[in-house]
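> Okay, here's the structure, questions in a sec.
Number of protein chains: 2
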Amino acid sequence: MSTLSFNIAAVERDTGLSKDVLRMWERRYGFPVPERDANGERLYPAAQVERLRLIKRLMDQGHRPGKLIAAPEEELAALAPRRPRETAAPLPKAAGDSLDELIEYIRRHDGPGFQQAMQQRLVRQGLQAFVQDTVAPLTRRVGEAWEEGNIEVFEEHLFTELTKRLLRQTIATLPAGRGPRVLLTTVPEEQHVLGLLMVEALLALEGAECIPLGTQMPLLDIGRAAEAHAADIVALSFSIAFPQRQIGGLVQHLRQILPPTVALWVGGGGIRRLAAQPGVALLPQLPDAIAALQAWRGTH
Amino acid sequence: MSTLSFNIAAVERDTGLSKDVLRMWERRYGFPVPERDANGERLYPAAQVERLRLIKRLMDQGHRPGKLIAAPEEELAALAPRRPRETAAPLPKAAGDSLDELIEYIRRHDGPGFQQAMQQRLVRQGLQAFVQDTVAPLTRRVGEAWEEGNIEVFEEHLFTELTKRLLRQTIATLPAGRGPRVLLTTVPEEQHVLGLLMVEALLALEGAECIPLGTQMPLLDIGRAAEAHAADIVALSFSIAFPQRQIGGLVQHLRQILPPTVALWVGGGGIRRLAAQPGVALLPQLPDAIAALQAWRGTH
DNA sequence: GCTTTGTTTTGTCCTAGACAAATTACGTCT
DNA sequence: AGACGTAATTTGTCTAGGACAAAACAAAGC
């Protein structure tokens, strides 16, 4: 079998670094330096792709590409402590009140075990506490673990998929809401839906009428959907992974598209550094959504 | 309020046409011709964005960009019969065995009604028939309606989201499978998960042990996941909207990454024109998945 | 009818320059 | 020392036009 190599589109797919950035880094920092095929097009060896993935992860953690690419191998040792693979800490048989127990199921690739443990916590805590005290911190922990290289991409996907299922399943059992009508979605490029589901669970529990439109809705279509569904509120979610620099412009753009009578709520880990805008409610934390709902009801 | 305008990144987001393509069309066909901001960067008026969205839709339908862009306004009349908005055909009160009834709920933006009707059909038909005779054709119908401009993007999203919920909810009630272990996912850029869920439902019903990893998994991570979960089969799904030209290379690439002992199944509407490859099973139709499962069991 | 061969269409990749927004570094003032 | 404003730097995205291969289509032959 030949050594695997990736064309530039494949590298973009697998690393999340745009073609422009890949070419610019090559020009500017001298890395990566791919080979070329017969046609003069870039061909990245697997080793360079791996290194790029590592760099991308550390960038998402806050490091700067210039430093990372310059540093030779110390960064691998110092910044990326890959999980000691076979530690396999024994499951804490005790009360199991810790999130570690849940993460350990994921690390062991034990989907059914994870589902069962989550279900148990849901029943014990009730939906609201479950969302706020289990799902939210667990999501944060998984994100941190990913940044630190302690969890694989597919493990994170398994966690997300199973948690999504549980939340949706539970939301389905709630009675129909009485209003206001809240339209929930994300912008294109933003595919993380867990935050949205958490908000939906909390709002539905408070009796709001939620209209879940999934992810990746073009801005113009969000406007049309708000009109067609006679929505009172449009709620957007930005994950921490979403390119920060784009969020402000996007929200401003959408605010222009929506009629002024429709409220625009924005939440998620991505908005931490977002400046306030007129006509846009920032809800950095989950409880803020409940507060905003009560405030809305007070004024309508 | 000023006239809305979009920079090239926003147009890419909202139309799905890459920046390269937008610039190339401008150079080659003389459309679109955006204005420029103070910095010389493209600024597309909303009207041009609308037209681009229309062109993209017709392209997905099989038309060619050169023709579409040349044609002045006849194409709008001839090819894009926008749904007569207020027709509002009365719901067929009768047996309701037709898919039209279900689509009509979506058109009326009646989420709860749709859910209830779907649930009813599920109970009446049983899961296997429901997937094959309701969900699959309905998905196709919705896709066709979208191509013909008879359904809005957000309506399609609502349909997808609600159907996903119902399928996942139902899958959750099935008992744990006995094997083989089937890992289900899609490649990056492919975010359609409905096809995958349909397959999962059928396979789980046949007693397979499904590992749902959600969408958009980098190829290298699919390989790692297959190893970590000791998967017997990796099942990929390509929707009809996925760029055809990329599929062949992607599948070939993944086949190289996976160990030869792991079977690779590929399905979905996107593979209609895909050439056969050694070590890759093509499953264009849903029943093919069941057949493939039985074949696998026969040889193991 | 079908297959093969040439032509057109179309998307993606390439180089290389420019610049603005974000971030860091620095110097000054309180 | 800490706060603040300004300069330097880093970094991503945009622009221009050229090139070419893969796909789609047309035409000719069997």
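Protein sequence lines, in the order shown, are assigned to chains A and B.
Under UniProt numbering, the residues of the first sequence are numbered 1 to 300, in order.
Under UniProt numbering, the residues of the second sequence are numbered 1 to 300, in order.
Glycine is no exception: its CB is placed at the ideal position from the N, C-alpha and C atoms.
1. Please classify B:Lys-93: does DSSP put it in a helix, a strand, or coil?
2. Using only alpha-carbon positions, find the residue among A:Leu-4, A:Ala-291, A:Ile-290 and A:Ala-225 that is nearest to A:Pro-259.
3. Going by the DSSP bridge assignment, what does A:Val-5 pair with across the sheet?
4. Taking the alpha carbon of A:Leu-197 as the point to measure from, which residue in A:Leu-236, A:Ala-230 and A:Pro-65 has its own alpha carbon closest?
5. What ranges does the beta strand (DSSP E) occupy inside the UniProt domain "B12-binding" (179-300) of chain A, keeping only unbroken runs of at least 3 residues that lie completely in it?
6. Residues in its own chain within less than 7 Å of A:Pro-218 by CB, not counting five upstream and five downstream?
7. Please report whether the beta-carbon of A:Ala-295 lies at a distance below 8 Å from any beta-carbon of chain B.
8. Can you name the start and end residues of the alpha helix (DSSP H) that B:Asp-20 belongs to?
9. Do B:Gly-270 and B:Ser-239 come within 8 Å of each other at the CB atom, strictly closer than that value?
10. Taking only the alpha-carbon atoms, compute the straight-line gap between A:Ile-211 and A:Arg-107 and give it to the nearest angstrom.
11. Quick one: does A:Pro-240 have its CB under 8 Å from some CB of chain B?
12. So B:Arg-42 contacts chain A; which residues on that side make the cut at Cβ distance below 9 Å?
13. Taking only three categories from DSSP, how would you classify A:Arg-108?
14. Which residues in chain A have a C-beta closer than 7 Å to the C-beta of B:Ile-211? List them in chain order.
15. List the residues of chain A whose Cβ lies closer than 9 Å to the Cβ of B:Asp-221, in chain order.
16. Check whether chain A comes within 8 Å of B:Glu-161, counting only Cβ atoms and requiring the distance to be less than that.
17. Determine the chain B residues that contact A:Glu-190 at a beta-carbon separation under 9 Å, and present them in chain order.
18. Kindly indicate which three-state DSSP category residue 308 of chain A falls into: helix, strand or coil?
19. B:Gly-214 CB to nearest chain A CB: under 8 Å?
20. Are at least three pairs of beta-carbons, each pair with one atom in the segment 99-119 of chain B and one in the segment 133-141 of chain B, less than 8 Å apart?
21. Under 8 Å between C-beta atoms, does B:Thr-87 make it to chain A?
22. With DSSP run on the structure shown, which of helix, strand or coil describes A:Glu-161?
23. Would a C-beta distance cut-off of 8 Å place A:Ser-5 and A:Ala-46 closer than the cut-off?
24. Is DSSP giving A:Arg-36 helix, strand or coil here?
25. With a threshold of 8 Å between beta-carbons, can B:Met-217 be considered close to chain A, or not?
26. Pop quiz: B:Val-262 and B:Asp-232 are said to be a contact at Cβ under 8 Å. What is the actual Cβ separation, rounded to whole angstroms?
27. Measuring straight from C-alpha to C-alpha, what distance separates A:Gly-113 and A:Pro-287?
28. From the DSSP output, in three-state form, read off B:Leu-174 for me.
29. On the premise that B:Leu-205 lies in contact with B:Leu-127, defined as a C-beta separation below 8 Å, what is that separation, rounded to the nearest angstrom?
30. What do you reckon, is the C-beta of A:Trp-265 under 7 Å from a heavy atom of the ligand ATP?
31. For A:Gly-267 and B:Arg-124, what's the separation of their Cα atoms in angstroms?
32. In the structure shown, what three-state DSSP assignment does B:Ala-71 receive?
33. Per the contact definition of three or more C-beta pairs closer than 8 Å, is the segment 47-65 of chain B in contact with the segment 26-35 of chain B?
34. At a CB distance below 7 Å, what residues from the segment 166-191 of chain A approach chain B? Give them in sequence order.
35. Round the Cβ separation of B:Ala-289 and B:Leu-283 to the nearest angstrom and send it over; I've been treating them as touching at under 8 Å.
36. Spell out whether any CB of chain A is found under 8 Å from the CB atom of B:Ala-228.
Answer, in terms of the structure:
1. Here residue 93 of chain B corresponds to residue number 93 of the second sequence, with the count starting at 1. The predicted model places B:Lys-93 with a pLDDT of 49, which falls under 50 and marks its position as unreliable, so this point remains unresolved.
2. In the first sequence, counting from the first residue as 1, residue 259 of chain A sits at position 259. Out of A:Leu-4, A:Ala-291, A:Ile-290 and A:Ala-225, A:Ala-225 has the C-alpha closest to the C-alpha of A:Pro-259.
3. Reading the first sequence from its first residue, position 5 is the one you call residue 5 of chain A. Inspection of the sequence shows that residue 5 of chain A is occupied by Ser rather than by Val. Answer is A:Pro-45, bridged to A:Ser-5.
4. As a position in the first sequence, residue 197 of chain A is number 197, starting the count at 1. Among A:Leu-236, A:Ala-230 and A:Pro-65, the Cα nearest to that of A:Leu-197 belongs to A:Leu-236.
5. 181-185, 209-212, 233-237, 263-267 and 280-283
6. Counting from one through the first sequence, the residue named residue 218 of chain A turns up at place 218. Correct list, in chain order: Pro-188.
7. By 1-based counting over the first sequence, the position of residue 295 of chain A is 295. With 8 Å as the cut-off, A:Ala-295 does not count as an interface residue toward chain B.
8. If you number the second sequence from 1, residue 20 of chain B lands on position 20. That run of the alpha helix (DSSP H) goes 19-29.
9. As a first step, residue 239 of chain B is located in the second sequence; it is residue number 239 there, counting from the start. As a first step, residue 270 of chain B is located in the second sequence; it is residue number 270 there, counting from the start. Their beta carbons are under 8 Å apart, which means B:Ser-239 touches B:Gly-270 by this criterion.
10. Locating residue 211 of chain A in the first sequence gives position 211, counting from the first residue. Locating residue 107 of chain A in the first sequence gives position 107, counting from the first residue. Taking the straight line from one Cα to the other gives about 34 Å.
11. Translated into positions along the first sequence, residue 240 of chain A becomes position 240. The sequence given here places Ile at residue 240 of chain A; Pro does not occur at that position. By this cut-off, A:Ile-240 is not an interface position.
12. Here residue 42 of chain B corresponds to residue number 42 of the second sequence, with the count starting at 1. What B:Arg-42 touches in chain A: nothing, since even the nearest Cβ is about 15 Å away.
13. Walking along the first sequence from the start, residue 108 of chain A turns up at place 108. Three-state result, A:Arg-108: coil.
14. Position 211 of the second sequence, counted from the first residue, corresponds to residue 211 of chain B. Simply Gly-111.
15. Here residue 221 of chain B corresponds to residue number 221 of the second sequence, with the count starting at 1. Under the 9 Å cutoff, chain A gives Asp-14, Glu-152, Val-153, Phe-154 and His-157.
16. Residue mapping note: residue 161 of chain B aligns to position 161 of the second sequence, counting from 1. Chain A contact via Cβ: present.
17. Numbered from 1 along the first sequence, position 190 holds the residue referred to as residue 190 of chain A. Result: empty, since nearest Cβ-Cβ is about 10 Å, beyond 9 Å.
18. As displayed, chain A neither begins before 1 nor continues past 300, which places residue 308 of chain A out of reach and without an answer.
19. For this step, residue 214 of chain B is matched to residue 214 along the second sequence. With 8 Å as the cut-off, B:Gly-214 counts as an interface residue toward chain A.
20. yes
21. Counting from one through the second sequence, the residue named residue 87 of chain B turns up at place 87. Only weak support exists for where B:Thr-87 lies, its pLDDT of 45 falling under 50; the value from the coordinates is given anyway. No, B:Thr-87 does not count as interfacial toward chain A.
22. For this step, residue 161 of chain A is matched to residue 161 along the first sequence. Helix at A:Glu-161.
23. Numbered from 1 along the first sequence, position 5 holds the residue referred to as residue 5 of chain A. Numbered from 1 along the first sequence, position 46 holds the residue referred to as residue 46 of chain A. Cβ distance < 8 Å, so A:Ser-5 and A:Ala-46 count as in contact.
24. To locate residue 36 of chain A, count along the first sequence from 1; it is residue 36. Residue state, collapsed to three classes: strand.
25. For the purposes of this step, residue 217 of chain B is identified with residue 217 of the second sequence, where counting begins at 1. Judged by the 8 Å Cβ criterion, B:Met-217 is in contact with chain A.
26. Stepping through the second sequence from its first residue, residue 262 of chain B is reached at position 262. Stepping through the second sequence from its first residue, residue 232 of chain B is reached at position 232. With a Cβ gap of about 7 Å, B:Val-262 and B:Asp-232 count as contacting.
27. In the first sequence, the residue the question calls residue 113 of chain A occupies position 113. In the first sequence, the residue the question calls residue 287 of chain A occupies position 287. Near 29 Å, if we compare the C-alpha coordinates of A:Pro-287 and A:Gly-113.
28. What you label residue 174 of chain B is simply residue 174 of the second sequence in a count that begins at 1. Coil at B:Leu-174, not helix or strand.
29. Position 127 of the second sequence holds residue 127 of chain B. Position 205 of the second sequence holds residue 205 of chain B. Indeed, because the Cβ distance is near 6 Å, the residues count as touching under 8 Å.
30. Looking for the ligand ATP in the displayed structure turns up nothing, as the structure carries no ligands at all.
31. Sequence index remark: in the first sequence, residue 267 of chain A carries index 267 (1-based). Sequence index remark: in the second sequence, residue 124 of chain B carries index 124 (1-based). Their backbone Cα atoms lie some 41 Å apart in a straight line.
32. As a first step, residue 71 of chain B is located in the second sequence; it is residue number 71 there, counting from the start. Coil.
33. yes
34. Arg-168, Gln-169, Ala-172, Ala-176, Pro-188, Glu-189 and Gln-191
35. The sequence position of residue 289 of chain B within the second sequence is 289, counting from 1. The sequence position of residue 283 of chain B within the second sequence is 283, counting from 1. Between B:Leu-283 and B:Ala-289 the Cβ distance is about 5 Å, and since that is below 8 Å, they are a contact.
36. Walking along the second sequence from the start, residue 228 of chain B turns up at place 228. B:Ala-228 counts as touching chain A.
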